[in-house]
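Okay, so here's the structure we're looking at.
Residue numbers (the working numbering), protein chains in the order written: chain B, 35 to 401; chain R, 8 to 276.
Given below as structure tokens:
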């Protein structure tokens, strides 16, 4: 039996449908992220689990027990909020102790537990400080300790790192994962940052317009996006519209160029498809004489330095491609160089083209 | 900013002139009253103060006004803290309406208010012990204190993230009562205290309602002394001023206490 279940959740606010149908099951100790752009319904789903919103219909179950009608203060769910939510009138340790006081725990036990948790989040030195005397990262650490102090059935995190600067964000997300693994606590994490979700989750559910687009382990989400939306939202993706020419041989035609794309099983000859290729799988080489067989020809129009890699922007017959090359070799392909770009057939993902798609290559959200 | 202008902590000469004029406007009448209150024939002395302080009516009326002020503060806080909290939390669209209502006591003169209250309470179900005692004035004073109490509380509630603090407390298992008393109230206490002090000053000085309703409160007593004894009336004015001044100092001290009032929530918001 799953530990936490969200069954057929729907939520409407007047005429606006925030959640259309969400079914998610989490095993005990699992870390699942709800990932999606603003307004996709991820925070609403989390708030329904916390009890701050009632679903229009659907149920929330923990260990098979229906909690849908249970008020938030009787759900035993620890929550860390996006906004700094520490009680300003209490010191860090008093904040952590609050939930234990509510539960009427013995003073001695309380003090011991608070000290343990403050130490666990590395804030022993700052235990007596008030929230306004703590940095944003420290405040969120205290908020995490406070949520964990009550030994919640489920830990809920609502974009807890979004107000922090980049370095602290990376440190703290690793810390959250370390604590979650150490304590084995079932966790539901909401974020719009795909890198954050992919780096710390056991599984990721990608949401769009109140629906789950795809749910799976991070590698699956990244390498095998199930829908064009997921492909666009997760990382950067080159999108090539093409026509299947040889379904058995895995060949498609893109603007007169024959490309090998690996898996085209189940597709019909002549069917319109979307070929998705990651920038890091595109191999770029000088080609003064043109594209050649099975490759895309074009001209380097821009360099974007990303550290160890450099992203080349290539104009391929009016279509913009992104290709990541090692920064050490990017200098050999300056702006204006005629190049050919190819990719291993098995690295391309082929999706049915159901409707005309807009932008050619999309930058990841949350950066 | 003016270029090449050195900004120093010094006040310009014109500033001193205005400060002197302002101070003179307030202090000359006060000094004249104080001087008059000390006048004796011949010379100066404290006989007026002695006379006032030894008058049982002074202590009785002061005590009555103080009790009424405390009762008004208690009722106002019990009524307005949960109301303003709920408006901020669940009914933010009603806030302009409540704000409008809070201005009404300024528009409706106290004489109209007390006549209205006398009419409202002149029914059988209101117990006689209530109508015949000075407690009768408390509902009217609560209405008069509404603007001060609402504005002080509203400012404090706007300084905190009511939604997040409430939800954080609830997620930790706190009931509504505990959330209100342990989390919300301590963080709006500066507003509550400021509203309380303003209410204290208001009730200690309210004359019209008490006079019409025939209760001898402190301001009614001041009026009586003013009409019958000139020098003790001036002494009473100075004493009354001292009480109001103490209330104002109280507000200032409360506003300066760390961790209260302008509640600071660290980091970016």
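The C-beta atom is built at its ideal place from N, Cα and C for all residues, glycine as well.
Counting only residues of its own chain and dropping the five nearest sequence neighbours on each side, residue 75 of chain B has a CB closer than 7 Å to the CB of 52, 53, 241 and 244. Counting along the chain, residue 67 of chain B sits inside the beta strand (DSSP E) bounded by residues 65-69. At a cut-off of 8 Å between C-beta atoms, residue 180 of chain R counts as an interface residue with respect to chain B.
Counted as a single uninterrupted DSSP element, the alpha helix (DSSP H) harbouring residue 68 of chain R occupies residues 63-96. Secondary structure at residue 103 of chain R: helix, using DSSP grouped into helix, strand and coil.
Between residue 206 of chain B and residue 195 of chain B, the beta carbon gap of about 6 Å places them in contact (Cβ cut-off 8 Å).
In terms of Cβ geometry, residue 268 of chain B and residue 259 of chain B form a close pair [threshold 8 Å]. Apart from the 5 residues on each side of it in sequence, residue 58 of chain R sits with its Cβ closer than 7 Å to the Cβ of 239 in its chain, given in chain order. Put simply, the stretch 220-237 of chain R does not touch the stretch 103-115 of chain R. Fewer than three CB pairs are less than 8 Å apart.
In the DSSP assignment, residue 186 of chain B falls outside any beta strand (DSSP E), carrying neither H nor E. Counting C-beta atoms within 10 angstroms of its own C-beta, residue 109 of chain B has 16 or more neighbours from the protein chains shown and is therefore classed as buried. Residue contact check for residue 106 of chain R against chain B: no CB pair falls below 8 Å.
Annotated as distal: residue 120 of chain R and residue 170 of chain R, with beta-carbon spacing of 8 Å or more. One finds 174 and 178 in chain R with Cβ atoms closer than 8 Å to the Cβ of residue 84 of chain B, taken in chain order. Near chain R, meaning a CB-to-CB distance below 7 Å, the residues of the stretch 116-142 of chain B are 117, 118, 119, 121, 122, 123, 132, 133, 136 and 137.
If you check the CB distance, residue 128 of chain R and residue 143 of chain R come in under 8 Å. In this structure the stretch 346-363 of chain B does not touch the stretch 23-34 of chain R; the number of beta carbon pairs closer than 8 Å is below three.
In the DSSP assignment, residue 347 of chain B falls outside any alpha helix (DSSP H) and within the unbroken beta strand (DSSP E) covering 343-350. Look at the stretch 184-202 of chain R: the residues with a C-beta under 7 Å from a C-beta of chain B are 185, 190, 193 and 194.
With fewer than 16 other Cβ atoms inside 10 Å of its own Cβ, residue 50 of chain B counts as exposed.
Ranking R:218, R:207 and R:56 by CA distance to the CA of residue 149 of chain R puts R:207 first. Under the Cβ criterion (8 Å, minimum of three pairs), the stretch 331-343 of chain B does not count as touching the stretch 295-304 of chain B. Rounded to whole angstroms, the gap between the alpha carbons of residue 345 of chain B and residue 369 of chain B is 12 Å. As DSSP reads the structure, residue 111 of chain B sits in a beta bridge with B:188.
With a beta-carbon spacing of about 7 Å, residue 159 of chain R and residue 205 of chain R fall inside the 8 Å limit used to define contacts. Taking C-alpha positions only, residue 359 of chain B is separated from residue 196 of chain R by approximately 60 Å. Per DSSP, the continuous beta strand (DSSP E) segment holding residue 223 of chain B begins and ends at 220-225.
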